[in-house]
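S.K.:
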Amino acid sequence: MLITGGHDGMVGVWDLRSGQRTAWWETGDKEPARGVALTSVDGRPVAVAGGESGQVQVWALDDTDRPLIATLPVHEERINALDRRDHAAGKGLDGLMLGLVTCRRP
Numbered sequence: 021m022l023i024t025g026g027h028d029g030m031v032g033v034w035d036l037r038s039g040q041r042t043a044w045w046e047t048g049d050k051e052p053a054r055g056v057a058l059t060s061v062d063g064r065p066v067a068v069a070g071g072e073s074g075q076v077q078v079w080a081l082d083d084t085d086r087p088l089i090a091t092l093p094v095h096e097e098r099i100n101a102l103d104r105r106d107h108a109a110g111k112g113l114d115g116l117m118l119g120l121v122t123c124r125r126p
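Given below as structure tokens:
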């Protein structure tokens with residue numbers, strides 16, 4: 021799988037074997053999706069995106085009816101990149117750990 025984020029606030033997940041987009045979401049505040057990553061929480065596959073607001077949005081890849089499962093205020097500055105990290109043992113989103121690359125706003 022491949023995850024993409026756009027300046028228009030759209031986040032896409034792609035199947036690399038078929039070349040088809042398998043999921044497509046809009047960030048809630050329509051901000052550019054600057055940092056995107058694929059990871060899992062307690063074995064559940066998730067897509068995450070962050071941007072201007074310093075918030076990270078988390079979507080469940082195994083649930084097409086209600087894909088947005090959390091919006092987390094993780095940083096005071098803009099998020100420029102996200103990187104998957106091995107997550108700690110825990111329940112729900114407590115196990116989600118990401119590396120953040122941020123930049124101070126001008």
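Numbering (our numbering), first residue to last: 21 to 126. Each residue gets a CB set at the ideal place from its N, CA and C atoms; glycine is no exception. Given the structure is predicted, the values throughout are model-derived calculations rather than measurements.
#1: Given that a residue counts as buried once 16 or more other Cβ atoms are within 10 Å of its Cβ, and exposed if not, what is Leu102?
#2: In terms of DSSP beta bridges, what is Ile89 paired with?
#3: By Cβ distance below 8 Å, which residues in the same chain neighbour Glu51 in space, the five residues on each side in sequence not counted?
#4: In three-state DSSP terms, what is Ser60?
#5: Would you mind sorting Arg37 into buried or exposed? The rule is 16 or more other CB atoms within 10 Å of its CB.
#6: Just tell me which of Asp83, Asp82, Gln77 has its CA closest to the CA of His95.
#7: Within 10 angstroms of the Cβ of Thr84, are there 16 or more other Cβ atoms? Answer buried if so, exposed if not.
M.R.: In this structure, then:
#1: buried
#2: According to DSSP, Ile89 bridges with nothing at all.
#3: Gly29, Gly71, Glu72, Ser73
#4: strand
#5: exposed
#6: Gln77
#7: Under a 10 Å Cβ-count criterion, Thr84 is classified as exposed, with fewer than 16 other Cβ atoms of the shown protein chains found around its own Cβ.
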